[in-house]
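Worksheet: the structure to be examined is printed underneath.
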Amino acid sequence: MVEIDVFSISDITERLKKSIEIDTQFSNIWLEGEISSLTKARSGHIYLTIKDSDSSIRCVFFKSDNFAVRDRIVDNSRVLIYGSFTLYKARGDLQFVISHIESGDKGPLWAEFERRRESLAAEGLFDLARKRILPKFPKAILVVTSPTGAVIEDIRNIVSRRWPLTKLILEPTVVQGADAAQNIASAIRNVSNYDGDQIDLVIVARGGGSVEDLWAFNEEIVVRSIYSCPIPVISAIGHETDFTLADLVADHRAPTPSAAAEMAVPDRFEVLQQIESIVLRQNTSMKMLLSSLLDRVAHFSSRIQLKRPGIELLQAGVQAITDQMSHAIRLKLVEQSRLIFYSEGKLDSLSPSATLIRGYALVSKQDAAVRSYKDVTDADDVLIHWHDGSLKARIELTGGSDVE
Amino acid sequence: MSSEQSEEFSFENLYEELQEIVDRLEQGGLSLSESLELYENGINMATRCKELLLQAEHQIDELIKEGS
Numbered sequence: 006m007v008e009i010d011v012f013s014i015s016d017i018t019e020r021l022k023k024s025i026e027i028d029t030q031f032s033n034i035w036l037e038g039e040i041s042s043l044t045k046a047r048s049g050h051i052y053l054t055i056k057d058s059d060s061s062i063r064c065v066f067f068k069s070d071n072f073a074v075r076d077r078i079v080d081n082s083r084v085l086i087y088g089s090f091t092l093y094k095a096r097g098d099l100q101f102v103i104s105h106i107e108s109g110d111k112g113p114l115w116a117e118f119e120r121r122r123e124s125l126a127a128e129g130l131f132d133l134a135r136k137r138i139l140p141k142f143p144k145a146i147l148v149v150t151s152p153t154g155a156v157i158e159d160i161r162n163i164v165s166r167r168w169p170l171t172k173l174i175l176e177p178t179v180v181q182g183a184d185a186a187q188n189i190a191s192a193i194r195n196v197s198n199y200d201g202d203q204i205d206l207v208i209v210a211r212g213g214g215s216v217e218d219l220w221a222f223n224e225e226i227v228v229r230s231i232y233s234c235p236i237p238v239i240s241a242i243g244h245e246t247d248f249t250l251a252d253l254v255a256d257h258r259a260p261t262p263s264a265a266a267e268m269a270v271p272d273r274f275e276v277l278q279q280i281e282s283i284v285l286r287q288n289t290s291m292k293m294l295l296s297s298l299l300d301r302v303a304h305f306s307s308r309i310q311l312k313r314p315g316i317e318l319l320q321a322g323v324q325a326i327t328d329q330m331s332h333a334i335r336l337k338l339v340e341q342s343r344l345i346f347y348s349e350g351k352l353d354s355l356s357p358s359a360t361l362i363r364g365y366a367l368v369s370k371q372d373a374a375v376r377s378y379k380d381v382t383d384a385d386d387v388l389i390h391w392h393d394g395s396l397k398a399r400i401e402l403t404g405g406s407d408v409e
Numbered sequence: 580m581s582s583e584q585s586e587e588f589s590f591e592n593l594y595e596e597l598q599e600i601v602d603r604l605e606q607g608g609l610s611l612s613e614s615l616e617l618y619e620n621g622i623n624m625a626t627r628c629k630e631l632l633l634q635a636e637h638q639i640d641e642l643i644k645e646g647s
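Quick note, the sequences are listed as chains A and B, same order. Just add 5 to wherever you are in the first sequence, counting from 1, and you've got our numbering. Just add 579 to wherever you are in the second sequence, counting from 1, and you've got our numbering.
Set out below in structure tokens:
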């Protein structure tokens, strides 16, 4: 009987794992290839395959190592990765554990990009000092992009949701190919043809693509057209990892076209809240002023009473005026803050004038609304308001009151 | 709000004016009538600002309907 070694699966995978991990040929090495089958798991770990034309290797990039670059890892990109091989025992799979990743997109275009960047930077085109502040509430935005595709749709949706007061004007251009640079540059220069539209912001945008696809935005003619644009420019070219010379010269760079739209306009609900808080501040200041004035009047009238007890009548008169003033102002405060808070569509249906048009009339006495039959007595002078005018009238009681 | 008024006053102008008004009111040192006048102006500005924003919503809604 021949003795043969029989390994359990666990034993043999453990041995394989150890022999791989111990071998310095397979540890702490750089690999170059293209990312595919990228999965960013909810756990924070990233799984991907790195491949060239003939072979592929499964890789894992653990959360603890990837957090700083997580968003910049994209499928189909060329990368340099650093790490070590191991064996994933549960499946017996060979696995490369990544500890560091770098963009591998440094082909011949890279050198040309660097050359142009340096020469334009030396001319001062990218100086931070000349970056302009974006308008807080843009009146009209010129969007230089392709008329077809998702970019203009995304921008339109976001702007109309956040800030519908802004007018969006599309300046269509091709964004790729031999004529793209010329086209983009003249589209940006066209901003001066819209004098009547009060354009106060330009967005130059393009969706994602390869370095070659985005190359038009590295052409000098495009860079210079942005540089000499009289209006602030936001650039949004490709994805967050893409950097073009257009991005460097623009006043602001947005990582994506959608982000450019969010950067361009405020959120109207936030602004509505700001307005409401301003209204509250106004009311508070006003109330404080009124109560301090009323305190002073009350103080004076009590001093008058102390010094000249015979003058109660005058004191009562002052008190009446004070009460009336405070009442009228309080009514005004209430009415006006109500007006503000009901303006959202309900304004018309709740305003007194709309009610009057429906056939109601309003009775006022000494500039205050008469809210109850108790507010008037016989022979009181009142004003009756209809929607189309008012009449002075005098109350003449002709019978008992009809109290509900 | 008539369209003439919304053309005359851009949102930005109205909003800036509103902020100036509330700043002046908070600084104090004004007479009652000055304060009341400012206050009334402020309320009008705020109402117009809100109307501009909410009106614009309807316009966009209509544009979207027409477009679809």
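The beta-carbon is built from N, C-alpha and C at its ideal position, and this holds for glycine as well.
Straight through space, the alpha carbons of A:S58 and A:I193 are spaced by roughly 41 Å.
By the neighbour-count criterion, in which a residue is buried when 16 or more other Cβ atoms sit within 10 angstroms of its Cβ, A:H304 is exposed. Residues of chain B whose Cβ lies closer than 9 Å to the Cβ of A:V302 do not exist, since the nearest Cβ in that chain is about 11 Å away. Looking at the DSSP output, A:L147 sits in a beta bridge with A:I174 and A:V207. A:I62 and A:F31 do not touch by the CB rule: their CB atoms are close to 11 Å apart, not below 8 Å. With the rule of 3 Cβ pairs closer than 8 Å, the region 185–204 of chain A does not count as touching the region 125–141 of chain A. Residue burial annotation: A:F12 is exposed, with fewer than 16 other C-beta atoms found within 10 angstroms of its C-beta.
Think of a sphere of 7 Å around the beta carbon of B:G608: no beta carbon from chain A falls inside it, the nearest being about 10 Å out. Identification of chain A residues near B:E591 by a Cβ-Cβ cut-off of 7 Å yields K141 and F142, ordered along the chain.
The C-beta distance from A:L219 to A:G243 rounds to 5 Å, short enough to fall under 8 Å. By the rule that beta-carbons nearer than 7 Å mark a contact, B:E605 touches chain A. Its chain contains G49 as the residues whose beta carbon lies nearer than 8 Å to that of A:F72, once the 5 sequence neighbours on both sides are disregarded; these appear in chain order. Under the Cβ criterion of 7 Å, B:S614 is counted among the residues facing chain A.
Around the beta carbon of A:D98, fewer than 16 other beta carbons lie within 10 angstroms, which makes this residue exposed. Classified as exposed, B:N592 has fewer than 16 neighbouring CB atoms from the shown chains inside 10 Å of its CB. Judged by DSSP secondary structure, A:F90 falls within the beta strand (DSSP E) whose first and last residues are R83 to Y93. For A:Q187, the closest Cβ of chain B is not nearer than 7 Å.
Here A:L114 is actually not in contact with A:V254; their C-beta atoms are around 18 Å apart, not less than 8 Å. Residue burial annotation: A:H257 is buried, with at least 16 other C-beta atoms found within 10 angstroms of its C-beta. Within the region 117–145 of chain A, no run of beta strand (DSSP E) reaches 3 residues while sitting entirely inside it.
When the alpha-carbon of A:I34 is set against those of A:V164, A:G213, A:D202 and A:I86, the nearest one is in A:I86. Contact of A:S290 with chain B by beta-carbon distance below 7 Å involves L604 and E605. The residue among A:E26, A:F66, A:T18 and A:L21 with its C-alpha nearest the C-alpha of A:I40 is A:F66. Pairing A:L396 with A:I204, the inter-Cα distance amounts to about 51 Å. Within chain B, no C-beta atom comes nearer than 7 Å to that of A:L133; the closest sits roughly 26 Å away. When 9 Å is used as the limit between beta carbons, A:V156 is near no residue of chain B, the shortest such separation being about 17 Å.
Less than 7 Å divides the Cβ of A:C64 from the Cβ of A:I103. For the 7 Å CB-CB criterion, B:E596 and B:M624 form a contact.
Its chain contains D386, V387, L388 and I389 as the residues whose beta carbon lies nearer than 8 Å to that of A:A398, once the 5 sequence neighbours on both sides are disregarded; these appear in chain order. A:M291 sits buried, since 16 or more C-beta atoms from the chains shown fall within 10 Å of its C-beta.
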